[in-house]
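Everything on this sheet refers to the single structure shown next.
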Amino acid sequence: MLRRTGALLKVSGVLAALAASGSVVAPGMAAASVEGWSAKTQSAKTQPAKPQTTQQTTKTQVAKSQPAAGERADADSGRKAQGGQRGVASYYWQDQRTANGERFNPNALTAAHRTLPLGTVVRVTNHRNGNSVRVRINDRGPYVRGRVIDLSRAAAQRIGMISAGLAPVTVQVVD
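As C-alpha cells, then:
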C-alpha cells in the first residue's frame, strides 16, 4: 500500500508542476482541479496513519463426552464402533521421512493414521470387495475430512483400491 501511495504522490506532484506551468493538462481537466487533487493527496501524505484496531474474540471450549462401551460415536475422522473405525481410505506417495523417522517405502505394508500410536498393527478391510490387509502405522495423516487412513501403494493394491484411489474401509487394531 505504501508503494502505491508513494507512486501516487509522485504522479500528483508531476501533474501539479505541469498544471502550474500551464504546459500540459489532461483533456477536459482544468488546471485548478489538478492542483486541488494534488493538494488533497499531499495533505494525505502529512497526516499520521490511523492505528489499526483488532477485534479479539473469545472461544468457548466444550468438553466432548466419550461414548460408553459398545456405543457408536460419529466423528469427522469416520465412525468409531466396536468393530473398528469406519471411513474412507486413500493411498499416498511421500518421498520423505515418515513420522517415526523411517524413509517412506511404497512397497511396504504401512499406513498413516491421525491418532493411533506409531507401530500399531491394524487390519484394513475394503467394504467393496471384502479384501483386507494388515499394516503397521508409521506416519500421521490423512488430513482430509472423512478419511481415516492413508495406505502405502502396496497395501492399497492388496485390498484392490488402486484404480479407484479411494475405498470405504474398516480399520481394526490387531491384538
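Heads up: the sequence shown is residues -26 to -1, 1 to 149, going by mature numbering (1 follows the signal peptide of the UniProt record, and there is no 0).
Note that the Cβ used here is the ideal one computed from N, Cα and C, for glycine as well.
Inter-residue Cα distance where the pair is residue i and residue j
i: TYR65; j: ASP149; result: 24 angstroms
i: VAL107; j: GLU76; result: 21 angstroms
i: GLY57; j: GLN70; result: 33 angstroms
i: PRO80; j: GLN68; result: 8 angstroms
i: GLY93; j: ALA141; result: 23 angstroms
i: SER137; j: PHE78; result: 21 angstroms
i: LEU90; j: ALA63; result: 15 angstroms
C-beta atoms of residue i and residue j nearer than 8 angstroms
i: VAL145; j: VAL122; result: yes
i: GLY61; j: GLY139; result: no
i: ALA129; j: VAL95; result: no
i: GLY134; j: ASP124; result: no
i: ASN105; j: ARG132; result: yes
Host alpha helix (DSSP H) of residue i (start-end)
i: GLN131; result: 127 to 132
Exposed unless 16 or more other CB atoms sit within 10 angstroms - verdict on residue i
i: GLN59; result: buried
i: ASN112; result: buried
i: ASN100; result: buried
i: ASP147; result: Per the sequence shown, the amino acid found at residue 147 is Val instead of Asp. VAL147 should be labelled exposed.
i: THR(-22); result: Confidence at THR(-22) is low in this model, with a pLDDT of 43, below 50, so its placement is unreliable and no value can be given for it.
i: GLN16; result: Bear in mind that a pLDDT of 48 at GLN16, under 50, signals an unreliable position, so the model cannot answer this.
i: ARG46; result: Here the model assigns ARG46 a pLDDT of 35, short of 50, so the residue's position is not dependable, and the following value carries that caveat. It counts as exposed.
Expected contact under 8 angstroms - CB spacing of residue i and residue j to nearest Å
i: ALA73; j: SER126; result: About 14 angstroms; that fails the 8 angstroms criterion.
i: ASP102; j: LEU83; result: One detail in the question is off: residue 102 reads as Arg in this sequence, not Asp. 20 angstroms between Cβ atoms; not a contact.
Where the beta strand (DSSP E) containing residue i begins and where it ends
i: residue 151; result: Outside the shown range of the chain (-26 to 149) lies residue 151, about which nothing can therefore be said.
i: TYR66; result: Element bounds for TYR66: n/a, residue is neither H nor E.
i: THR84; result: 84 to 86
i: VAL118; result: Here VAL118 belongs to no beta strand (DSSP E), and DSSP marks it neither H nor E.
i: SER137; result: No beta strand (DSSP E) contains SER137, which DSSP labels as neither H nor E.
i: ASN100; result: 95 to 100
i: ARG110; result: 106 to 113
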